[in-house]
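Chains as they are written, first to last, in the working numbering: chain A, -9 to 271; chain B, 1090 to 1386.
These notes are about the structure you will find just below.
Rendered as structure tokens:
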């Protein structure tokens, strides 16, 4: 039996007064934080990759992580669905909570967590299967056999990923025949077929041309109606275009976390300003 | 010089010492390319001549009757070697059934589950050691393990000998095949909430299957041609195969027996049997490649 994490509705418990908003910036009324990270340290063997990260990710918003290569932003992202555990010798201290429950709580099955927290990778990685089978993979592994449910999921997910019109006549052809941009949208469709709560995107556009990138960014704006999105990007313009909140990482530290607009117009930290204005990195 | 392009000679420094060196490098490059091509053709010579001899000498007697008739007695003409074809297919098939599942699953273990464990190191080391064991030793093993235990020569003993021979090849090629599967596929599967078992059986193994099949076909091709492990396990038989528990004919032992006989017809038949063996191995190889490379989609 797979344990599921109950999605507690924090909006009911958290007072949404103006006063609280002042204190708990960047929290918005009716937009509770879905992921909370507290004093989180992360180690690859003995090398520390993240130092005491504390931040809150608001629900149904786009949160971008920016920073130079090796700063720990992808490492943090890959902790949200415990993908880092596939690497030998990793360890952590501190905690990450999803909807109020620690993701390392013994009652949390990692496979259930990964169904709630979907992931789109830097390099699109569709399976060497048909487009249809790629999308329904998460249903297949959950044992769903009803044709109608599978068909419905394929259409819903491909429409959600703005890919349906391009592939509806060749659902049973190999996914490897798609273009780079289409493959990445297929990976998004595959991730949302699960109906996750959170969608992690690790530099989803870094291998795409500007037009394909634009389509993914439009898609991100659509998807945030239904999903909380956390995106790692090297592209500063991308962060300003499609994120609501933004965290700047440097050498394993979270230097600053705020509304994207604030990070890019009036950051508190000098280092953030230097980075977003292109003075280093 | 009135043509402005003639300045190009100066521009490229055609007469400078540097240009002589570049010319030398470029000539060496061409010479080495030519050498590689020449050596590739040289490698084809023995392969080509064997194939030519087998086809030339085996072709005259090749007709349907060799598959339907039993071997002629010494000095007699006519007949065929249908029982040897059946025996080879049955023994190689049984050997494959015995060796392939544990070999592939062991490869899955040492590659996917605990690649750095002592057990995995031991399996890898043993498999590499076994690939170097002479095939006749596999025959000795099967003789002791099956023939002495059951008290008779049998197709089963032959199959066990061939299975021991095939196991390390399949295991090591399967491991390479699994290592060749992109990490991105595994991550995608885990990221969607798949368990390790689901990831292996739905994504990793299907993707590695063509390469695993190549390894299996190499093992089959080698086993089908082996004589030494069969001569004192399956022995030979003049009759059709009735069960796995009786001495059984095989193409390789038939070729060995007939080619040393002083009768012209038997020697010719050995050539024909060689041709049939080559064709059988090629046919299974091509079929397997076709079936398993289309599996993907």
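All residues carry an ideal CB built from backbone N, CA and C; glycine is no exception.
Model, not experiment: these values are computed from the prediction.
- Nearest in C-alpha terms to residue 40/A, of all of 173/A, 63/A, 23/A, is 63/A.
- At a cut-off of 3 residues, the continuous stretches assigned as beta strand (DSSP E) that sit fully inside the segment 210 to 253 of chain A are 218 to 222, 235 to 240, 243 to 249.
- In the structure shown, the three-state DSSP call for residue 1328/B is coil.
- Taking C-beta atoms under 8 Å as the contact rule, residue 1342/B and residue 1325/B qualify, at a distance of about 5 Å.
- For residue 1108/B, the enclosing alpha helix (DSSP H) has its first and last residue at 1106 to 1147.
- If one requires a minimum length of 3 residues, the beta strand (DSSP E) runs lying completely within the segment 101 to 159 of chain A are 107 to 110, in chain order.
- Under DSSP, residue 24/A forms no beta bridge with any residue.
- Separation of the CB atoms of residue 1235/B and residue 1243/B is rounded to 7 Å, and the pair is thereby assigned contact status at 8 Å.
- Across the set 1370/B, 1346/B, 1140/B, the C-alpha of 1346/B shows the shortest separation from the C-alpha of residue 1160/B.
- Across the set 1110/B, 1148/B, 1232/B, 1197/B, the C-alpha of 1197/B shows the shortest separation from the C-alpha of residue 1269/B.
- In summary, the residues of the segment 1291 to 1321 of chain B whose CB is separated from some CB of chain A by less than 8 Å are 1291, 1292, 1295, 1296, in the order they occur in the chain.
- Residue state for residue 1157/B is assigned as helix, using DSSP reduced to three classes.
- With at least 16 other beta carbons inside 10 angstroms of its own, residue 1258/B counts as buried.
- For the pair residue 1123/B and residue 1107/B, the Cα-to-Cα distance works out to about 25 Å.
- Taking the Cα positions, residue 205/A is about 8 Å away from residue 171/A.
- A contact between stretches requires three or more CB pairs, one per stretch, nearer than 8 Å, and the segment 1167 to 1175 of chain B meets this requirement with the segment 1146 to 1158 of chain B.
- Contact of residue 101/A with chain B by beta-carbon distance below 8 Å involves 1282, 1283, 1284.
- For residue 1357/B, no pairing in a beta bridge is given by DSSP.
- Chain B places no beta carbon closer than 8 Å to that of residue 211/A, leaving this residue out of the contacts.
- With distances taken between CA atoms, residue 269/A lies nearest to 226/A out of 232/A, 125/A, 140/A, 226/A.
- For the C-beta of residue 1279/B, the chain A residues within less than 8 Å are, from N- to C-terminus, 73, 76, 104.
- Taken atom to atom, the span from the alpha-carbon of residue 1382/B to that of residue 1297/B is near 10 Å.
- Counting along the chain, residue 38/A sits inside the beta strand (DSSP E) bounded by residues 37 to 48.
- No Cβ-Cβ contact shorter than 8 Å links residue 208/A with residue 228/A.
- Look at the beta carbons and you see the segment 178 to 191 of chain A touching the segment 135 to 155 of chain A: at least three pairs across the two are nearer than 8 Å.
- Annotated three-state conformation of residue 191/A is strand, per DSSP.
- With a threshold of 16 other beta carbon atoms within 10 Å, residue 1370/B meets it and is buried.
- With respect to residue 1205/B, residue 1261/B sits apart: the two C-beta atoms are not nearer than 8 Å.
- Listed along chain A, the residues sitting closer than 7 Å to residue 1273/B by beta-carbon distance are 111, 113, 115.
- Residue contact with chain A for residue 1201/B: absent (no Cβ-Cβ distance below 8 Å to any residue of chain A).
- The three-state secondary structure of residue 1209/B, taken from DSSP, is helix.
- The beta carbon of residue 1378/B does not come within 8 Å of any beta carbon belonging to chain A, so the residue lies off that interface.
- In the DSSP assignment, residue 32/A forms a beta bridge with 40/A, 82/A.
- DSSP, read as helix, strand or coil, puts residue 168/A in coil.
- Between residue 247/A and the set 135/A, 54/A, 105/A, the nearest pair of CA atoms involves 54/A.
- In the structure shown, residue 98/A adopts coil according to DSSP, grouped into three states.
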